[in-house]
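Those sequence lines, one after another, are chains A and B.
Each residue of the first sequence is one higher than the one before, counting from 395 in my numbering.
Each residue of the second sequence is one higher than the one before, counting from 1333 in my numbering.
Take a look at the structure set out below.
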Amino acid sequence: MTILLDPTAELRPIKREKLPRPASLAGLTVGLLDISKARGNIFLDQLATHLAGQGVAVRRYRKPTFARVAPATLRQEIVQDCDVVIEALAD
Amino acid sequence: MSFFPPDGLVAIVKRGCPTCELVVPALRELAVQPMPLTVYVQDDPAFPVGLTAVSDTTLEASYRLNIEIVPTLLRVVNGQETARVEGWNKDNWRRLTQVADLGEALPDHRPGCGSKSVEPGMPEKLAVRFGDATIASRRVEVPPLLDDIEFCYEQGWSDGLPVVPPTEERVFRMLQATPRDPQEVLGLVPPNKVPLTVEKVAINAVLAGCKPEYLPVVLTAVTAALRDEFCMHGILATTYFSSPVVIVNGPVAQQIGMNSGVNVLGQGNRANATIGRALQLVIRNVGGGRPGEIDRAVLGTPGKYTFCFAEDEAGSPWESLAVSRGVEPGQSAVTLFAGDGVYAVVDQLSRTPESLARSFAATLKTVAHEKLALASEVLLVVSPEHGRVFHAAGWSRQRLLAELHQRLLRPGSELVRGANGIAEGMPEQFGGETAVSKFPPNGIHIVHAGGPAGMFSAVIGGWVATGSKGTQAVTQVVV
């Protein structure tokens, strides 16, 4: 019988279920996160116009660079201020 | 676990040793002396004939008493060793035992034999068996009848090639190559931001096939990869090709037998192959960075298995890459560059540095896309036959770099989107610029390596996310 040493982090990630989609955006705040990829802003501009047209509150956010994970402060800000977030990844 | 040898005289012997056979009469004499005698025998409890011996076939006593030679004779007072003699030496045995006429009929001196506890591979086995190996990682049992290597595949520990099963003995042996505490944390490894210990690096170095003497270089490469400016998370997650290219400088490269010559970027050298692979396996296994999950490369590159080589410093016309990046000459260092594949530069006709630099520039301008500028750094691997041209003309590294930057300037009008009928290109605001640089000011890295014949060099493009928004090459001194 061979005993081997575990080369992994020995962590089991907690599987977190997504929150249920809201039936309606009425009265909710939608965050639009631009990850700084080229032309992601064009897509988000269209969404912002569309949502504003429906009377939905929109807040815009931007990651400093697509190459790195979003700073913790930015994530906290979005969680605090928004009910829904749309992240744009474009090229 | 503590082990106290019995007080009095303690002898450790094995039947397979002629010197142990020789000293049996002396041991018989000691057995009837007032001072108690304990004889441990490593191989055959029936030896020595006529004496009662304690079996040490587990080698625990030999291991705990640090026996390297048999016979060894110890004097023990209150559980503490106060004197030791190895092999047979009449005067020394008489002095230790205080028996004036001990072994009168024996020769004056005979060297002993190697203890079974120090046979190759045995110290690691004994350290593991007797609990001195301070390895904290989870033990995983391979089910009976299942092949060890197949089991490693099933666990998801492999990059696709077979791995060396990380047994406790192998990992213990690997850890002996560094004075660092196995539980020392080197940093947080992406993408899962997991604290990375020296021990986890050692386990993955075993998986990769490293020899223990490679471990300091692996630890350095991993530490460099965790530096914020290298941006390992992004390099892993990107849809681009990139992967760490590991360049080793300084005396350690020769000491561990790295290749800096023929086929330097290719296969066939264990140190080159396994050091680069160990870094990749750390990211995969500890960080959780697996292709198809966080690793989203469209195409990837074969360098994602391993991409590691040493610079040919002895034959170089210039100071080494590491020295050019601020490392003291004579120190060993590892430089990491986020590179993609290898592009060939063929120039068999240039005999002047000006001509050759123009050839280099012609290939360099195509990195990522001919119309993209300031998008990435680049690594230029200059071969010996090309290096000789610069050496003969007295061109320094700085002279060549200045020439390349100059040759790579392009008018913005040729680069902007739509120019030359190609939609890809630089944003419109570059259109009015007369001279746009291809690479950032410190973005061309030159390293000298390769076989002695062949007028080819190589360009290795960098990740198209550079500077503070992406990756920068990093250099880390080997400690």
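Here a beta-carbon is modelled for each residue, glycine too, at the ideal position from N, C-alpha and C.
One finds 459, 460 and 461 in chain A with Cβ atoms closer than 8 Å to the Cβ of residue 1797(B), taken in chain order.
Annotated three-state conformation of residue 1542(B) is coil, per DSSP. Between residue 1579(B) and residue 1810(B), the beta carbon gap of about 12 Å keeps them out of contact (Cβ cut-off 8 Å). Classified as buried, residue 1692(B) has 16 or more neighbouring CB atoms from the shown chains inside 10 Å of its CB. Look at the region 1681-1714 of chain B: it has no residue with a C-beta under 9 Å from a C-beta of chain A. Against chain A, the beta carbon of residue 1490(B) has no neighbour under 9 Å; the closest one sits roughly 10 Å away. DSSP places residue 1395(B) in no beta strand (DSSP E) but in the uninterrupted alpha helix (DSSP H) bounded by 1392-1396.
Contact annotation: the region 1604-1620 of chain B does not touch the region 1509-1517 of chain B, with fewer than three C-beta pairs closer than 8 Å.
Exclusion of the five residues before and after residue 1744(B) leaves 1758, 1762, 1763, 1764, 1765, 1766 and 1768 as the residues of its chain whose Cβ lies within less than 8 Å of its Cβ.
Taking a Cβ-Cβ cut-off of 9 Å, the neighbours of residue 403(A) in chain B comprise 1521, 1524, 1526, 1527, 1528, 1532, 1617, 1618, 1619 and 1620, given in sequence order. Beta-bridge partners of residue 1420(B) (DSSP): 1442(B). In terms of Cα proximity to residue 1397(B), the closest of 1416(B), 1739(B), 1359(B) and 1618(B) is 1416(B).
Taking a Cβ-Cβ cut-off of 7 Å, the neighbours of residue 400(A) in chain B comprise 1469, 1470 and 1472, given in sequence order. A Cβ-Cβ separation of about 15 Å leaves residue 1468(B) out of contact with residue 1506(B) under the 8 Å criterion. Looking only at 1585(B), 1425(B), 1429(B) and 1600(B), the smallest Cα-Cα distance to residue 1642(B) is reached by 1585(B). DSSP assignment within the region 408-436 of chain A yields the following whole beta strand (DSSP E) runs of 3 residues or more, N-terminal first: 423-428.
Counting only the Cα atoms, residue 397(A) lies some 36 Å from residue 1406(B). A Cβ-Cβ distance of about 4 Å is found for the pair residue 1509(B) and residue 1547(B), placing them in contact under the 8 Å criterion. DSSP places residue 1581(B) in the uninterrupted beta strand (DSSP E) bounded by 1575-1581. Counting only runs of at least 4 residues, the region 1462-1526 of chain B fully encloses the following alpha helix (DSSP H) elements, listed from N- to C-terminal order: 1480-1487 and 1500-1507.
About 5 Å separates the Cβ atoms of residue 1708(B) and residue 1796(B), confirming a contact at the 8 Å cut-off.
Secondary structure of residue 470(A) (DSSP, three-state): helix. Beyond the five residues adjoining it in sequence on each side, residue 1596(B) comes within less than 7 Å, by CB distance, of 1641, 1781 and 1782 in the same chain, given in chain order.
At a beta-carbon threshold of 8 Å, the residues of chain A lying near residue 1476(B) are 395, ordered along the chain. When secondary structure is reduced to three states using DSSP, residue 1458(B) falls in the helix class. As computed with DSSP, residue 1567(B) is found in no beta bridge at all.
Secondary-structure assignment with DSSP links residue 1572(B) through no beta bridge to anything. One alpha carbon belongs to residue 1446(B), the other to residue 1401(B), and they sit about 5 Å apart. A straight-line Cα-Cα distance of about 17 Å links residue 1655(B) and residue 1592(B). Taking 8 Å as the upper bound for CB-CB distance, residue 1805(B) and residue 1669(B) are in contact here, some 5 Å apart.
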